[in-house]
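Each protein sequence line maps, in turn, to chains W and Z. So the first sequence is residues 1 to 312, counted in the working numbering. So the second sequence is residues 313 to 581, counted in the working numbering. In what follows, a single structure is set out as structure tokens and then discussed.
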Amino acid sequence: MARALAAHAGTGPRLSDVSKARSRRTSRRAWLYAAPAATVLVGMFVVPLGLAVWMSFHKWPLLGDSQPFNFPANYTAISDDRLFTAAVGFTVKYTAIITVVLLTLSFGLAVLVQESKRRVTGVLRTVFFLPVVTGLTTAALLFLGLLSPSAGPLDDLLAHFGAKVDWLGQPTTALISTVVMMTWRFAGFYMIILLAGLQAIPRELYEAASIDGANRWRALWSVTLPLMRSNLALCTVLIVTGGMVAFEQFYVMTRGGPDNSTVTMVMTIFRQAFSQFNLGVAAAMSVVVLLGLVVLNVVQMRLLGDTDEVAR
Amino acid sequence: MSAAARRVLGGVGAAGVAILAALFIGPILWVAWGSVRNGGSFSGTNYTRLVHYGAGLWTYVSNTGLVVLLTVVGSLVISVFAGYAFARLRFPGSKALFVGILAILMVPHTSLLIPLYIWLDRLSLGNSLVGVSLVMVMYQMPFSVFMMRNSFETVPRELEEAALMDGCSPRTALRRVLLPAVAPGLITVGLFAFLASWNEFVTPLILLSDGDKYTLPLALVNLVQGDWGMIDFGALQAGVVISAVPCIILFAFLQRSFVSGFTNGAVKG
């Protein structure tokens with residue numbers, strides 16, 4: 001207090017001394033507040049990330065004490081792993097399908113909710129959103145039951161038409177089943193993001209478009225879609241990223257089968273680590289997937305434009 | 313278009329919407345119905361079998377409960393302090409710290425879980441629910457810190473200054489004036505921490521090796537994959553209901569926080 005008063009008395013250097021001391025005190029207090037977050041960030045994220053790189057340079061069996069340096073053996077082992085190379089193809093295919101299906105359906109749902117009568121809007125939004133609140137694993141387990149020949153209703157239903165499908169027993173239907181489950185679980189989530197974009201479009205623009213003679217499709221194409229660019233971009237980035245790291249939906253529903261036809265990249269990492277006990281190779285795969293994902297995200301942001309508009 | 317044609321078209325549209333809605337709600341109704349049915353009549357035996365499955369349902373639920381408690385409390389404490397610091401105080405390194413926290417979003421979980429499996433063991437947190445909770449707090453950090461920073465930023469500075477003027481210490485001002493003002497943000501952060509940790513599967517799958525420590529989702533997947541060909545679908549349905557009900561109840565009461573979480577931060581991160 002005394003120093004502050006002295007500063008007010010008007011001596012220049014002292015004033016800056018005081019403000020420096022104050023800002024030092026503020027930043028010490030700020031770091032004290034930020035310390036728990038910084039600790040978790042370093043201890044649970046930065047160190048493990050560094051360790052992943054370190055492990056990828058070493059032969060690292062699950063059990064055993066010595067971890068000799070073996071760079072680049074773990075990385076060359078990746079391209080020798082035929083399961084991994086096949087998994088890259090499958091993961092890309094799954095991502096492409098789920099992106100198209102989820103984006104189209106969520107957009108359709110958002111338009112439907114937006115255009116429906118006031119009374120119905122709330123109900124529809126709740127119904128479409130309800131699956132989102134169940135966990136992904138819970139949803140996968142639910143569909144496992146739904147699709148099973150013994151417990152599910154589908155088998156009886158199809159029997160009426162004389163058809164029989166072993167949903168999870170064939171590569172194509174196993175993929176379709178998983179896509180259906182993921183769509184059920186996530187459509188409501190992306191619908192909410194797109195709905196926020198739809199609601200932000202001023203009504204007058206549609207009126208202007210219709211005065212200019214544009215029909216509904218034309219208005220959708222030239223008014224709605226361009227104005228929802230950032231929302232659509234955000235959804236695309238999230239769906240693509242989620243698709244590339246897909247794991248639990250397949251782990252629960254298909255276990256990668258039948259005949260390893262639904263093994264994703266992340267599933268091969270898991271198998272390298274905990275079935276083949278090569279943590280070094282698993283770490284190298286993790287690093288590769290991580291780098292690939294960062295590149296993919298940067299490219300997507302560039303291509304799709306800034307998602308910042310939504311982020312603010 | 314004639315009025316009659318329009319009415320027919322409207323009717324077809326309404327039927328389509330109803331079918332669409334039924335496709336979304338149907339699976340949930342099916343599992344709820346199936347969980348209380350046995351051999352064509354109502355019975356609770358599916359639940360009884362689930363209660364006695366493995367180490368016992370109660371063990372799995374309380375394991376999950378511990379992870380949830382630690383994750384929710386940890387996320388709230390960390391995000392309140394960090395959010396306040398980011399919103400109100402200038403300090404060197406704040407930008408780097410914030411970007412570092414957001415970078416968590418860029419990294420696939422499995423890429424981190426392989427080294428975490430080794431690292432937590434070194435910290436004597438391997439195969440432990442506390443270790444799982446710490447990882448969950450880390451995953452939630454981008455959302456929780458971002459959310460709380462935004463919440464603090466929307467509180468007018470005058471509110472805090474008035475409290476300081478009245479003789480509150482900065483800490484008291486934070487606790488008595490600012491915290492109530494950011495309560496909606498706290499609820500959203502807590503809600504999402506609850507949902508994430510209650511439903512998490514991959515983290516406990518990799519980090520826990522002891523069947524007695526399994527969380528509910530892990531135990532339920534084991535129920536399906538334990539004995540090949542002999543899946544107890546009745547118990548599975550009961551398990552799905554038990555893991556979905558808390559989430560649905562929270563949704564019913566906190567719909568507003570859900571939507572604000574998804575549109576304000578959960579996806580923004």
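Where a beta carbon is used, it is the ideal one built from N, C-alpha and C, also for glycine.
Can the beta-carbon of residue i be found closer than 8 Å to that of residue j?
i	j	result
residue 411/Z	residue 428/Z	no
residue 304/W	residue 237/W	yes
residue 243/W	residue 99/W	yes
residue 531/Z	residue 366/Z	yes
residue 45/W	residue 268/W	no
residue 275/W	residue 423/Z	no
residue 265/W	residue 88/W	yes
residue 501/Z	residue 572/Z	no
residue 110/W	residue 191/W	yes
residue 283/W	residue 60/W	yes
residue 116/W	residue 105/W	no
residue 561/Z	residue 130/W	no
residue 201/W	residue 227/W	yes
residue 94/W	residue 397/Z	no
residue 419/Z	residue 505/Z	no
residue 246/W	residue 134/W	no
Taking the beta carbon of residue i as the centre, do at least 16 other beta carbons fall within 10 Å, making it buried, or is it exposed?
i	result
residue 484/Z	exposed
residue 458/Z	buried
residue 145/W	buried
residue 248/W	buried
residue 159/W	exposed
residue 403/Z	buried
residue 352/Z	exposed
residue 312/W	At residue 312/W, the pLDDT of 37 sits below 50, so the modelled position is not reliable; the number obtained from the coordinates is stated separately. With fewer than 16 other Cβ atoms within 10 Å, it is exposed.
residue 321/Z	exposed
residue 472/Z	buried
residue 5/W	The pLDDT assigned to residue 5/W is 41, lower than 50, so where the model puts this residue is not dependable; a value taken from the coordinates is nonetheless given after this. Under this definition residue 5/W is an exposed residue.
residue 319/Z	exposed
Among the options, which residue has its Cα nearest to the Cα of residue i?
i	options	result
residue 388/Z	513/Z, 549/Z, 437/Z and 456/Z	456/Z
residue 492/Z	515/Z, 382/Z, 544/Z and 460/Z	460/Z
residue 169/W	208/W, 256/W, 129/W and 226/W	256/W
residue 394/Z	406/Z, 509/Z and 346/Z	406/Z
residue 513/Z	20/W, 277/W and 252/W	252/W
residue 149/W	166/W, 95/W and 90/W	166/W
residue 75/W	60/W, 56/W and 25/W	56/W
residue 280/W	70/W, 174/W and 94/W	70/W
residue 522/Z	549/Z, 375/Z and 462/Z	375/Z
residue 345/Z	510/Z, 441/Z and 551/Z	551/Z
residue 421/Z	434/Z, 444/Z and 433/Z	444/Z
residue 231/W	214/W, 207/W, 199/W and 217/W	199/W
residue 408/Z	162/W, 38/W and 209/W	38/W
residue 497/Z	449/Z, 465/Z, 414/Z and 416/Z	465/Z
residue 63/W	278/W, 147/W, 135/W and 207/W	278/W
residue 430/Z	289/W, 65/W and 18/W	65/W
residue 333/Z	127/W, 204/W, 295/W and 246/W	127/W
residue 141/W	342/Z, 355/Z, 325/Z and 474/Z	342/Z
residue 439/Z	558/Z, 380/Z, 515/Z and 335/Z	515/Z
residue 381/Z	503/Z, 519/Z, 545/Z and 354/Z	503/Z
residue 293/W	433/Z, 370/Z, 360/Z and 416/Z	416/Z
residue 553/Z	362/Z, 324/Z and 520/Z	362/Z
residue 181/W	132/W, 162/W, 225/W and 224/W	132/W
residue 519/Z	433/Z, 413/Z and 324/Z	433/Z
In terms of residues, what are the limits of the alpha helix (DSSP H) holding residue i?
i	result
residue 490/Z	Looking at the DSSP string, residue 490/Z is not in any alpha helix (DSSP H), and its letter there is neither H nor E.
residue 573/Z	567-573
residue 480/Z	Run containing residue 480/Z: none; DSSP gives neither H nor E here.
residue 60/W	Neither: residue 60/W is in no alpha helix (DSSP H) and is coded neither H nor E.
residue 500/Z	495-511
residue 322/Z	315-347
residue 370/Z	369-400
residue 91/W	82-115
residue 533/Z	528-537
residue 56/W	47-56
residue 224/W	From DSSP, residue 224/W is part of no alpha helix (DSSP H); its letter is neither H nor E.
residue 435/Z	Neither: residue 435/Z is in no alpha helix (DSSP H) and is coded neither H nor E.
residue 206/W	203-211
residue 463/Z	441-466
Give me the chain A residues within the contact set of residue i, using Cβ-Cβ distance strictly less than 9 Å, ordered along the chain.
i	result
residue 133/W	Reference to chain A is not applicable here, since the protein chains of this structure are W and Z.
Quick one: which residues of the region 216-228 of chain W get their C-beta closer than 7 Å to a C-beta of chain Z? List them in chain order. Here the close residues number zero.
What are the residues in the region 450-468 of chain Z lying within 7 Å of chain W by C-beta distance? Hits within the stretch, in order: 450, 453 and 457.
Of all the residues that make up the region 225-255 of chain W, which are near chain Z by a beta-carbon distance shorter than 9 Å? Going along the region 225-255 of chain W in chain order, one finds 234, 235, 238, 241, 244, 245, 247, 248, 251, 252 and 255 with a Cβ nearer than 9 Å to chain Z.
Residues of the region 555-574 of chain Z in Cβ contact with chain W at a cutoff of 7 Å, in chain order, please. Residues of the region 555-574 of chain Z with a C-beta atom less than 7 Å from some C-beta of chain W are 555, 556, 559, 560, 563, 571 and 574, listed in chain order.
When Cβ atoms are compared, which residues of the region 266-297 of chain W fall closer than 8 Å to chain Z? Listed by position along the chain: 266, 269, 270, 273, 274, 279, 282, 283, 286, 287, 289, 290, 293, 294 and 297.
Using a beta-carbon distance cut-off of less than 7 Å, what residues from the region 422-445 of chain Z approach chain W? Of all residues in the region 422-445 of chain Z, only 422, 423, 424, 426, 427, 428, 430 and 431 place a beta-carbon less than 7 Å from a beta-carbon of chain W.
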